[in-house]
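Undergrad:
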Amino acid sequence: LSRRYASTVLKPTARWRASGKTRRCLRKLGQEACLNMLTPLLLFAHAAALPRPPFRFPGANVLYQPTFVRAEAARAVTPRGVSLVSLFGWTLGGVFVADWVDSPIGRYREVAVLSGLVFRGGTLGAWASHIVVSEAAAVEAAREFWGLPAREGDIQLQPPEAAGPPRGPRVHFESGSRVVVEGWCGEGEGEARSLRPPSFTLPSLSGGLPASGGLAAGPILRYPLTLTAPRSAALLPRLALSSSSLTTAPLRAVLDAPAASPCLRLDGVDVEAGAAEEVAAGRADAGVEPARLSPMLVVLDSCVLTLYALFFAIVGLCFSGEAFVPPGLPTLQDAKEIAFTFDTCASHVVAWGVSAAASGAL
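Just so we're aligned, residue 90 is where the sequence shown starts under our numbering, counting upward by one.
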């Protein structure tokens with residue numbers, strides 16, 4: 090019996106071990122099993138290597154251009170779970186260019202396209218639909234901690250031309266991952282600055298990125314963004330926006346927007362992005378959710394957007410020098426100061442209305 094067992098079992102086993110093809114298959118299976126066991130550990134170690142919020146950005150240089158975006162263009166890039174705030178088919182968007190001189194992940198550049206004002210969980214804030222950053226670590230931090238749709242790309246900051254008439258900066262999207270910013274001044278360059286806007290905290294909304302587990306979109310997040318009074322600030326001529334045919338149609342539609350005011354430049358501003366909290370769970374369906382705001386809040390938002398449009402139009406005329414200012418009326422410098430005061434007051438009024446609506450007072 091033992092001889093029969095040896096002849097029927099051990100010999101085939103010996104031949105099986107001698108098969109080179111089988112050895113290669115076993116080696117591959119072993120490598121895959123080892124990789125499957127190590128992948129979670131590697132991901133955990135990689136996540137642990139990233140610093141945790143809050144992120145502090147001291148001494149940053151920023152350009153911000155508010156724009157009026159068509160509501161249909163904004164809805165095309167706004168996920169479900171947030172309500173778009175619009176008036177007569179328009180919402181307030183903008184373009185944000187930043188040179189983060191110092192950050193927990195090193196120096197990098199960022200260009201963010203704000204597609205409109207949104208409301209969720211008692212918070213009213215700008216929605217960033219397209220973000221390009223110059224470092225891979227910034228992409229990972231933005232997506233993991235704040236749910237922002239960041240992608241790595243090339244951002245060129247070009248100084249203004251020495252010859253020719255002065256003009257405002259220009260942001261050109263050559264593609265979805267390459268942006269050229271013309272007319273960028275380093276700190277201490279350009280015109281004199283005398284504005285001193287106050288420090289303030291802005292509530293920001295983000296999230297809704299594609300998620301795992303069968304969800305079409307991840308949770309909606311809210312986080313505070315605090316800006317400390319910069320060392321210098323100025324109002325510049327309106328920033329020009331353009332894009333090439335290599336960009337996507339939704340991005341071109343958002344960028345095809347008139348400027349809502351002169352461009353704001355901040356030098357040496359300290360920014361802090363706080364930890365995000367979830368205000369709405371992920372969704373299994375895609376699409377845009379219609380606005381569900383109380384009537385009083387709709388009236389309040391409509392008034393604020395209307396005042397923004399009228400006031401920025403007047404300030405723009407005064408700033409460009411195309412409007413005649415009679416003696417005794419506010420000068421250009423006064424108009425600049427009033428612009429910052431009005432913007433701060435309007436933000437506080439909107440925040441008060443949102444808080445009252447969330448608490449059921451409206």
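Beta carbons are placed, not taken as given, at the ideal position from N, Cα and C, and that holds for glycine.
These figures come from a predicted structure and were not determined experimentally.
(1) Roughly how many angstroms separate the alpha carbons of Val270 and Ser333, rounded to a whole number?
(2) Below 8 angstroms on the Cβ atoms is my guess for Thr180 versus Leu206; work out the distance and round it to an integer in Å.
(3) Does the stretch 174-194 touch the stretch 307-325, meaning 3 or more C-beta pairs lie closer than 8 angstroms?
(4) Looking at the unbroken beta strand (DSSP E) that takes in Ala149, where does it start and where does it end?
(5) Let me confirm a value: Ala32 is counted as buried when at least 16 other C-beta atoms fall within 10 Å, else exposed. Which label applies?
(6) Just to confirm, is the Cβ distance from Trp216 to Leu294 under 8 angstroms?
(7) Is the CB-CB distance between Pro142 and Ala369 below 8 angstroms?
(8) In chain order, what residues of the same chain lie with their CB nearer than 6 angstroms to the CB of Val360, ignoring the 5 residues before and after it?
(9) What separation, rounded to the nearest whole angstrom, lies between the Cα atoms of Phe157 and Trp189?
(10) Exposed or buried, which one is Glu250 when buried takes at least 16 other CB atoms within 10 Å?
(11) Roughly how many angstroms separate the alpha carbons of Phe133 and Leu139, rounded to a whole number?
(12) By the 10 Å Cβ neighbour count, where 16 or more other Cβ atoms means buried, how is Glu366 classified, buried or exposed?
(13) Exposed or buried, what is Pro299 when buried is set at 16 or more other beta-carbons lying within 10 Å of its beta-carbon?
(14) Excluding the five sequence neighbours on either side, which residues of its own chain have a C-beta within less than 7 angstroms of the C-beta of Thr337, listed in chain order?
TA: The structure says:
(1) 14 angstroms
(2) 5 angstroms
(3) no
(4) Phe144 to Arg159
(5) Here the chain covers residues 90 to 451 and nothing more, so residue 32 does not appear.
(6) yes
(7) no
(8) Phe146, Ala149 and Leu316
(9) 26 angstroms
(10) exposed
(11) Annotation note: pLDDT 46 at Phe133 (below 50); position unreliable, coordinate value reported separately. Going from the Cα of Phe133 to the Cα of Leu139 covers about 10 angstroms.
(12) exposed
(13) exposed
(14) Gly265
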